[in-house]
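In the numbering used here, the protein residues as written are 26 to 370.
Just so it is clear, CB atoms sit at the ideal spot from N, CA and C, and this is done for glycine as well.
I have placed the structure first, in the form of structure tokens, so that the comments after it can refer back to it.
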Ligand code: KG4
Ligand code: ZN
């Protein structure tokens, strides 16, 4: 089956062609084109929805053309169009949805609606480094979402915990903004924190780990962000200790994510732990989770997507479609609908 995936839920315009082998669940990515708007939004310190939508409209057809060209595929060979229906910014989502409506009409192809978080989860099914056994636990950490989800052998998903306020990526982005580090915050905080870690020094900056020991699998990051703000306000020399603040802040975020994931893995006796979402590009998070799994859960497999599939991309949307097509009805161009708050279930 040849699937084209299209993703426009936030500030990346993306299209990808995959070939899925239904009998062995193998996914071959033939092209994965991403046009990022990061540089445009950087001057505003975050994503401006109207600007994002306008950029999607300009970029989407060239991105789709490039995806077809790179995959050496003509539209008549495509079996299915996969599109992100939600959740996301409504103005951004509509650009993708309306483009797909036109394509489905002209190409006479069926459409499958994909949830953006499903996409992140299925990024783990593209060239997995080891076997995925069930039940599996997935920690999704992105700019808009943070949740823990169980997947059973039929690939049914069940949310067991989520953030009550900010997402983990949002904590990075807002923390970076406070420290004047620009947007997006994750990569720059990760870099400076890494430099501090390499120095081998300890830190006496003490930040809280909200809900670390709460008797559930929910998260909360807004208190941590406020605690960072108070510490910066108290410390006249914080600019000279920037790397150390990034390190302490990142440690707090990672400690919470790892502790909750390990606790959930134990409780639900999972066989595989997977990471997904933009924050899963973070090497310190990967290393700490991997170490905790090795030390405490020897029988459990740990997987993370290839870094190119961690932040928003369309290969993950097409990959999710390869699995969802077995159960989810397809749509015609007339039936396609956007849903900016589409829940995972
Ligand atoms: O999945 P994604 O591309 O978009 C959403 O669905 O939200 O995630 C973007 C988020 C941003 O908050 C960004 O700061 C964060 O992922 N991020 C990182 C890293 N790379 C991106 N956070 C921590 N470390 C990174 N290396
Ligand atoms: Zn995302």
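Given residue i as reference, the closest of the options once Cα atoms are compared
i, options, result
"residue 60", "193, 338 and 213", "338"
"residue 100", "123, 188, 42 and 138", "42"
"residue 322", "347, 288, 260 and 353", "288"
"residue 334", "216, 102 and 57", "57"
"residue 164", "178, 35 and 183", "183"
"residue 299", "134, 324, 150 and 202", "150"
"residue 169", "77, 197, 181 and 178", "197"
"residue 191", "74, 246, 355 and 54", "246"
"residue 358", "55, 133, 304 and 346", "133"
"residue 387", "26, 353 and 180", "Because the chain is modelled from 26 through 370, residue 387 falls outside the range shown and cannot be assessed."
"residue 232", "251, 221 and 222", "251"
"residue 295", "152, 177 and 222", "177"
"residue 352", "179, 97 and 308", "179"
"residue 285", "97, 166 and 157", "166"
"residue 242", "307, 188, 228 and 213", "188"
"residue 306", "367, 226, 361 and 213", "213"
Distance between residue j and residue i (C-alpha atoms, nearest Å)
i, j, result
"residue 278", "residue 219", "14 Å"
"residue 316", "residue 249", "24 Å"
"residue 102", "residue 239", "51 Å"
"residue 200", "residue 69", "16 Å"
"residue 141", "residue 314", "24 Å"
"residue 210", "residue 235", "20 Å"
"residue 79", "residue 237", "41 Å"
"residue 72", "residue 121", "17 Å"
"residue 329", "residue 123", "32 Å"
"residue 160", "residue 194", "26 Å"
"residue 301", "residue 87", "28 Å"
"residue 47", "residue 125", "24 Å"
"residue 171", "residue 340", "21 Å"
"residue 130", "residue 136", "10 Å"
"residue 203", "residue 253", "9 Å"
"residue 90", "residue 244", "41 Å"
"residue 347", "residue 55", "14 Å"
"residue 139", "residue 259", "46 Å"
"residue 173", "residue 51", "25 Å"
"residue 308", "residue 283", "13 Å"
"residue 223", "residue 67", "28 Å"
"residue 206", "residue 275", "14 Å"
"residue 382", "residue 349", "Outside the shown range of the chain, which is 26 to 370, sits residue 382, and nothing can be said about it."
"residue 261", "residue 215", "23 Å"
"residue 363", "residue 354", "16 Å"
"residue 228", "residue 367", "42 Å"
8 Å CB neighbourhood of residue i in its chain, flanking five on each side removed
i, result
"residue 365", "111, 112, 113, 114, 115 and 118"
"residue 34", "109, 111, 112, 113, 114, 117, 118, 121, 141 and 337"
"residue 74", "114, 115, 116 and 117"
Cutoff 8 Å: residue i Cβ touching any chain D Cβ
i, result
"residue 195", "Here chain D cannot be found, since the structure has a single protein chain."
Chain-order list of residues whose beta-carbon lies under 6 Å from that of residue i (same chain, five-residue window excluded)
i, result
"residue 343", "28, 30, 41, 43 and 107"
"residue 326", "155 and 297"
"residue 38", "60, 81, 84, 85 and 88"
"residue 158", "296 and 297"
Same chain, Cβ closer than 7 Å to residue i, five either side skipped, listed in chain order
i, result
"residue 20", "This structure cannot settle anything about residue 20, because the visible part of the chain is limited to 26 through 370."
"residue 263", "257 and 270"
"residue 290", "162, 298, 322 and 325"
"residue 128", "106"
Residues with C-beta closer than 5 Å to any heavy atom of the ligand MG, in chain order
As presented, the structure is devoid of the ligand MG, carrying the ligand KG4 and the ligand ZN as its sole ligands.
Given 8 Å as the limit, is there contact between the stretch 141-161 and the stretch 62-71, that is, 3 or more CB pairs closer than that?
no
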